[in-house]
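Going by my numbering, 46 is the number at position 9 of the sequence shown; the sequence numbering is gapless. Beta carbons are placed, not taken as given, at the ideal position from N, Cα and C, and that holds for glycine. These notes concern the structure reproduced below.
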Amino acid sequence: MSYSSFREPDAGRPPRPGLLGRLARGRRGMVAGVAVAGIVVAVVAVYLADAAAGPEPSNVNNAAGYTAPPAAQAQAGAAAGASPAGSASATPSGSAASSAAATQKAAVGGWIPVDQAAWKAQSDAYKALAVDPVPAGVGNLPEFRADCQYSHSLADDPIVFPGLAGASHMHSFVGNKAVTANTTAGDLTKFTATTCKPVLDHSSYWVPTLYDIASGKPVETTGFRVYYRSLRSSSTGVMPMPNGLRIIAGDAKKQQPTPRGATGQFYCAFYGPGDLDGVARSSNGNWPICGEPATLHFMLQFPDCWDGEHLDSPNHKDHMAFGSGSGCPASHPVRIPALTFDIQYGAKGTPQGYYLSSDKEGKSASSMHGDAFVVWDVATMNKRTKNCVLQRRTCDNNGYQK
Numbered sequence: 038m039s040y041s042s043f044r045e046p047d048a049g050r051p052p053r054p055g056l057l058g059r060l061a062r063g064r065r066g067m068v069a070g071v072a073v074a075g076i077v078v079a080v081v082a083v084y085l086a087d088a089a090a091g092p093e094p095s096n097v098n099n100a101a102g103y104t105a106p107p108a109a110q111a112q113a114g115a116a117a118g119a120s121p122a123g124s125a126s127a128t129p130s131g132s133a134a135s136s137a138a139a140t141q142k143a144a145v146g147g148w149i150p151v152d153q154a155a156w157k158a159q160s161d162a163y164k165a166l167a168v169d170p171v172p173a174g175v176g177n178l179p180e181f182r183a184d185c186q187y188s189h190s191l192a193d194d195p196i197v198f199p200g201l202a203g204a205s206h207m208h209s210f211v212g213n214k215a216v217t218a219n220t221t222a223g224d225l226t227k228f229t230a231t232t233c234k235p236v237l238d239h240s241s242y243w244v245p246t247l248y249d250i251a252s253g254k255p256v257e258t259t260g261f262r263v264y265y266r267s268l269r270s271s272s273t274g275v276m277p278m279p280n281g282l283r284i285i286a287g288d289a290k291k292q293q294p295t296p297r298g299a300t301g302q303f304y305c306a307f308y309g310p311g312d313l314d315g316v317a318r319s320s321n322g323n324w325p326i327c328g329e330p331a332t333l334h335f336m337l338q339f340p341d342c343w344d345g346e347h348l349d350s351p352n353h354k355d356h357m358a359f360g361s362g363s364g365c366p367a368s369h370p371v372r373i374p375a376l377t378f379d380i381q382y383g384a385k386g387t388p389q390g391y392y393l394s395s396d397k398e399g400k401s402a403s404s405m406h407g408d409a410f411v412v413w414d415v416a417t418m419n420k421r422t423k424n425c426v427l428q429r430r431t432c433d434n435n436g437y438q439k
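Here is the structure:
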């Protein structure tokens, strides 16, 4: 499995097709969650939807939500004013408890406030944290990561439809193994069994389930790397993420064709030269057919600026925004590491192609989207952000990477 690293151009824009040919650098690969050394000869191109123009407003790459089944819509009215984190099922302790306490506050109109006392405590600890000595030979890509494996599938979404089991289309979850529609930040802190490395990442990440059209069977992820990185040429002022932050990237409602060369499409990645758009296409043109030994991949970029006040917003996007090379907008002044999903599927492509659970009718890849419910061990989040992103050094699952 091939994973690519990239540097963002000085203009500070989210990545766009074509840039990777000259900006990417080879990285260590990962097969079934185990890192293996290898030289990436072919640079993986990144197809991110509509990321071609400048700094973007907060709603560009984030989904507005999904359309619930009628029964779920009836329940949603009663649940709309309640905090997704209102459950008292978890009683975490220590610094993680302070961060998770943010989710115990009642949401007002869908806005979930951060616990400002917990955020201040985390921020103060971060600012006082000394940088670890940097071993010789460490790379200068400002990032750390979690390598995750498939966990489970449910028609649940604890961000968009909290407490409403079965209200969503099918999602494939990685990371925290205990996630359902009822999951809160406190639950992620208490029930920490995970498919990710490092195990101190208690977060949950999910995407719409991919299905093979010919068989109707799901095609699950065989590798799922989550980068926490700087998109910009400077990391000045970057802060760690607060626990309980919810972020969505992509648009679940977008239904546009994804032919060869389109943004927002799946691509083929592997060791060795070849056609990232595939050696052929599915009959509807929306899906690449990969040459040997390539498999299907997708990369999804999240924003890097936070409003500093809310863990979520009514449309799950307005508390986040994309910054630029000159900084974050005044409305979202806190620069945080930007999530990037780098996803591998154990599939090569077929003449019939695939469909996502978010667009069974259109059978394109344009509705691909991702959700992140972020909860880490606070000390680990602080240390990785300072050592790796702020100091602009390359880190893997365990810290500095040579």
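Residue i versus the options, residue with shortest Cα-Cα distance
i, options, result
"Gly383", "Thr431, Ser350 and Thr332", "Thr332"
"His206", "Lys214, Pro245, Lys227 and Leu348", "Pro245"
"Thr300", "Met336, Asn280 and Arg283", "Met336"
"Ile149", "Leu178, Lys157, Ile196 and Tyr163", "Ile196"
"Arg269", "Thr220, Phe378, Leu178 and Pro330", "Leu178"
"Gly281", "Gly322, Asp152 and Thr417", "Asp152"
"Ile284", "Gly364, Pro340 and Ala251", "Pro340"
"Gly274", "Tyr187, Ile250, Cys365 and Gly386", "Cys365"
"Thr422", "Ser320, Pro277 and Ser368", "Pro277"
"Glu329", "Gly386, Tyr242, Tyr437 and Asp169", "Gly386"
"Ala202", "Ser267, Gly212 and Leu191", "Leu191"
"Phe210", "Asp379, Ala155, Gln186 and Arg429", "Gln186"
"Leu313", "Asp194, Ser368 and Cys327", "Cys327"
"Tyr163", "Ala204, Thr417, Arg429 and Gly147", "Thr417"
"Gln338", "Gly298, Leu376, Leu247 and Lys214", "Leu376"
"Gly399", "Ser363, Glu180, Thr431 and Gln293", "Gln293"
"Asn435", "Ala165, Val236, Asn219 and Trp156", "Val236"
"Gly362", "Asn219, Ser368, Glu346 and Ser267", "Ser267"
"Asp414", "Phe198, Gly147 and Thr229", "Thr229"
"Ala155", "His189, Ala173, Ala306 and Leu348", "Leu348"
"Cys425", "Ala165, Gly147, Ala306 and Val175", "Val175"
"Ala165", "Val171, Lys157 and Gln389", "Lys157"
"Asp194", "Ala409, Leu427 and Lys420", "Ala409"
"Ser368", "Asn321, Gln302 and Lys354", "Lys354"
"Asp396", "Lys234, Gln428, Phe307 and Ile250", "Ile250"
"Gly287", "Asn352, Gly146, Val256 and Ala306", "Asn352"
"Thr220", "Phe198, Cys233 and Lys234", "Phe198"
"Ser252", "Ser271, Asn321 and Pro388", "Pro388"
"Gly146", "Val371, Arg372, Asn419 and Ser350", "Ser350"
"Pro374", "Gly322, Pro279, Gln302 and Phe307", "Pro279"
"Cys342", "Pro370, Ala215 and Tyr248", "Pro370"
Extent of the continuous beta strand (DSSP E) run through residue i
i, result
"Leu225", "Premise fails: Leu225 lies in the alpha helix (DSSP H), Ala222 to Lys227, not in any beta strand (DSSP E)."
"Ala409", "His406 to Val411"
"Gly287", "Leu282 to Gly287"
Pair within 8 Å by beta-carbon distance, residue i and residue j
i, j, result
"Asp344", "His334", "no"
"Val412", "Thr226", "yes"
"Gln159", "Gly260", "no"
"Arg262", "Arg318", "no"
"Ala289", "His208", "no"
"Thr295", "Ser401", "yes"
"Trp324", "Tyr391", "yes"
"Lys291", "Ser394", "no"
"Thr231", "Asp224", "no"
"Gly212", "Ser240", "yes"
"Tyr437", "Arg429", "no"
"Gly315", "Cys305", "yes"
"Phe359", "Tyr242", "no"
"Leu427", "Ser272", "yes"
Opposing strand residues paired with residue i [DSSP bridges]
i, result
"Gln11", "The structure shown does not extend to residue 11, since the chain spans only 38 to 439, so no value can be given for it."
"Thr12", "Residue 12 falls outside the range modelled here, since the chain spans only 38 to 439, and no answer is possible."
"Leu237", "DSSP output for Leu237 lists no bridge partner at all."
"Pro150", "His347"
"Gly390", "Looking at the DSSP assignment, Gly390 forms no beta bridge with any residue, so it has no partner."
"Gly436", "Asp433"
"Thr231", "Asn213"
Boundaries of the alpha helix (DSSP H) in which residue i is found, first to last residue
i, result
"Arg441", "Since the displayed the chain opens at 38 and closes at 439, residue 441 lies outside it and no answer follows."
"Ala158", "Gln153 to Ala165"
### Query
If you scan the segment 242-270 from start to end, which runs of the alpha helix (DSSP H) of 4 or more residues do you find wholly inside it?
Here no run is fully enclosed.
#### Entry: Completely contained beta strand (DSSP E) runs for the segment 169-217, where each covers 3 or more residues
Counting only runs that start and end inside the segment 169-217, the beta strand (DSSP E) elements of at least 3 residues fall at 180-185, 187-191 and 208-212.
### Task
With a floor of 3 residues, list each beta strand (DSSP E) that falls wholly inside the segment 295-380, ordered by position along the chain.
Those beta strand (DSSP E) runs which fall completely within the segment 295-380 and span 3+ residues are 304-306, 332-338 and 347-349.
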